[in-house]
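The sequence shown stops at residue 343 when you use this note's numbering, and every number in between is there. Remarks on the structure that follows.
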Amino acid sequence: MTKIDLRSDTVTRPSPEMRKEMANAEVGDDVYAEDPTVNELQELAAEILDFEAGLFVPSGTMGNQVAIWSHTTSGQEVIVEEDCHIFNYELGTASAFSGVTPRPVSSPDGVLKIQKIRSKITPDKYYLPETGMIALENTHNNKGGRVYPYEELRKTVNFAREKGIPLHLDGARLFNASIASGREPGELVRGFDSVMFCLSKGLGAPVGSMLVGNEEFIKEALIGRKRFGGGMRQAGVIAAAGIYSLNNNISRLQEDHENAKILGQELKDLGFGLTPDPVETNIIFVNTQQAGVDAFDLAKSLRKKGIVIGPRNSGNIRFVTHLDVNREDIEKTIKAIKDYLAG
Ligand code: TLP
1 MTKIDLRSDT VTRPSPEMRK EMANAEVGDD VYAEDPTVNE LQELAAEILD
51 FEAGLFVPSG TMGNQVAIWS HTTSGQEVIV EEDCHIFNYE LGTASAFSGV
101 TPRPVSSPDG VLKIQKIRSK ITPDKYYLPE TGMIALENTH NNKGGRVYPY
151 EELRKTVNFA REKGIPLHLD GARLFNASIA SGREPGELVR GFDSVMFCLS
201 KGLGAPVGSM LVGNEEFIKE ALIGRKRFGG GMRQAGVIAA AGIYSLNNNI
251 SRLQEDHENA KILGQELKDL GFGLTPDPVE TNIIFVNTQQ AGVDAFDLAK
301 SLRKKGIVIG PRNSGNIRFV THLDVNREDI EKTIKAIKDY LAG
């Protein structure tokens, strides 16, 4: 039975066309900067986002953490949104490896309003920890793939520049934000000091993320990547998948968003609660408690039909659409949920 996996867009597998590019990739030792395919990918990423330089890293987590390590000095604070990936799912690495303290700011929709950021910037006093960096997340995973409002992005960029505080974007799903907002990815990241985006989520590559910034930042990040154990050798084999994904898999993210909308609407009609409502990109948090359904029990029942979903707890499930799930799979999932409800 073909498996329909809606737990995450990280589960996508390289297509036969992508694998062909991987098999034919020219390679060299990337620690010596001699892998032509990695170099090409780095240039392509920088060009797409209109930055000076790019760095291929093994994962999104490493990209974020290398950015923190590069921008800050030990003892500083990093302003983050309370539900963001850096604060919740990166195992305290900012503190463990870079010696910084996250300063979490709560927000109902993942958007850090400028007044809130302002209130968390430490005054210039020798006895207070200095603010070393601000990080935003677009789209916001834990808030259901929400797209960061463009005006707020601009305000934060202007504020960070005025204060001289490095601004980093966790853009794991930046291209989803671009497709959903109809704005070029470069426009969404203009004025940031660094951006991380993932090749291995909706874009469909098996491994890897990109970090972009100016030449000086990337020079520092190169040291950070090696320190963190991310110096790779004949990485062109996987970089080729990244190049393929950037050339072929961006505009099709629209299909994932449409599939998520269809699934979300059906679930809403069945009495489930949605976050966000309406669905914005490829992620939906579904409140099953509202429909009197135990999320683990529903997951168990769907698994028997080859459909895999990821309950967060007994009342909440995250559904994520991606390029390995088509419209028919969405229809099958809806039918399976209806059958479950029918008892
Ligand atoms: N997200 C994964 C899990 O770690 C939660 C997922 O299934 O969504 N930033 C954001 C916003 C992310 O969602 C993720 C991964 C990362 C960074 C880290 O990327 P990786 O997994 O490549 O380290």
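Ideal Cβ placement from N, Cα and C applies to all residues, glycine included.
Limits of the alpha helix (DSSP H) - the one that residue i falls within
i: V195; result: Run containing V195: none in the alpha helix (DSSP H); it sits in the beta strand (DSSP E), S194 to C198.
i: P104; result: Note, P104: premise wrong, no alpha helix (DSSP H); beta strand (DSSP E) at T101 to V105.
i: R19; result: P16 to A23
i: I317; result: I317 -> not in any alpha helix (DSSP H); beta strand (DSSP E) instead, spanning N316 to V320.
i: M133; result: Careful: M133 lies outside any alpha helix (DSSP H), inside the beta strand (DSSP E) at T131 to E137.
i: S181; result: L174 to S181
i: H140; result: Looking at the DSSP string, H140 is not in any alpha helix (DSSP H), and its letter there is neither H nor E.
i: G186; result: P185 to V189
Residue from the options whose Cα sits closest to the Cα of residue i
i: L302; options: R327, L341 and G273; result: L341
i: I262; options: T321, I309 and R252; result: T321
i: P311; options: I334, N287, Y89 and E331; result: N287
i: S178; options: L167, Y150 and K163; result: Y150
i: E91; options: M62, E187 and D256; result: It is worth fixing the name first, because residue 91 is Leu in this sequence and not Glu. When only C-alpha atoms are compared, the closest one is M62.
i: E187; options: E21, I48 and D5; result: I48
i: P16; options: A205, R318, I309 and R327; result: A205
i: E216; options: S8, A33, F51 and D5; result: F51
i: Q289; options: K300, G315 and F296; result: G315
i: R154; options: R190, T122, R103 and I86; result: R190
i: N313; options: F296, F319 and E328; result: F296
i: R318; options: V308, N214, G343 and I165; result: V308
i: H140; options: V78, G264, L167 and C84; result: C84
i: L167; options: I117, V27 and D109; result: I117
i: L323; options: V195, F87 and L203; result: L203
i: R252; options: G343, L298 and R327; result: R327
i: G99; options: G75, G110, Y89 and T122; result: G75
i: A46; options: G28, Q234 and M210; result: M210
i: M133; options: T72, A291 and D9; result: T72
i: R161; options: R19, A172, I114 and W69; result: I114
i: I250; options: G264, D35 and L199; result: L199
Where the beta strand (DSSP E) through residue i begins and ends
i: G54; result: A53 to V57
i: E81; result: E77 to E81
i: E152; result: From DSSP, E152 is part of no beta strand (DSSP E) but of the alpha helix (DSSP H) over Y150 to K163.
i: V212; result: S209 to G213
i: R312; result: G310 to N313
i: T281; result: Here T281 belongs to no beta strand (DSSP E), and DSSP marks it neither H nor E.
i: A33; result: Element bounds for A33: n/a, residue is neither H nor E.
i: D344; result: The requested residue 344 does not occur in the structure, where the chain is confined to residues 1 to 343.
i: E306; result: Sequence inspection shows Gly at residue 306; the Glu mentioned does not correspond to that position. G306 -> no beta strand (DSSP E), and no H or E assigned at all.
i: G273; result: G273 to T275
Nearest-angstrom beta carbon gap, residue j and residue i [assumed within contact, 8 angstroms]
i: E81; j: V105; result: 6 angstroms
i: A96; j: A221; result: 18 angstroms between Cβ atoms; not a contact.
i: D193; j: N64; result: No, D193 and N64 are not in contact; Cβ-Cβ is about 13 angstroms, not under 8 angstroms.
i: I4; j: K332; result: 6 angstroms
Legend entry - Segment contact flag, the segment 145 to 156 with the segment 270 to 285, C-beta cutoff 8 angstroms, min 3 pairs: Because the criterion of three Cβ pairs below 8 angstroms is met, the segment 145 to 156 and the segment 270 to 285 touch.
Legend entry - Three CB pairs or more closer than 8 angstroms across the segment 225 to 242 and the segment 52 to 59: Contact between the segment 225 to 242 and the segment 52 to 59 is present, because at least three Cβ pairs lie under 8 angstroms.
Inset, instruction - Evaluate the contact criterion for the segment 246 to 256 versus the segment 270 to 279: three or more CB pairs, one atom per stretch, below 8 angstroms. - result: The segment 246 to 256 is not in contact with the segment 270 to 279.
Legend entry - Residues surrounding ligand 1 [beta-carbon distance to nearest heavy atom under 5 angstroms]: Near ligand 1, meaning a beta-carbon closer than 5 angstroms to one of its heavy atoms, we find S8, T10, S59, G60, T61, H85, Y89, N141, D170 and A172.
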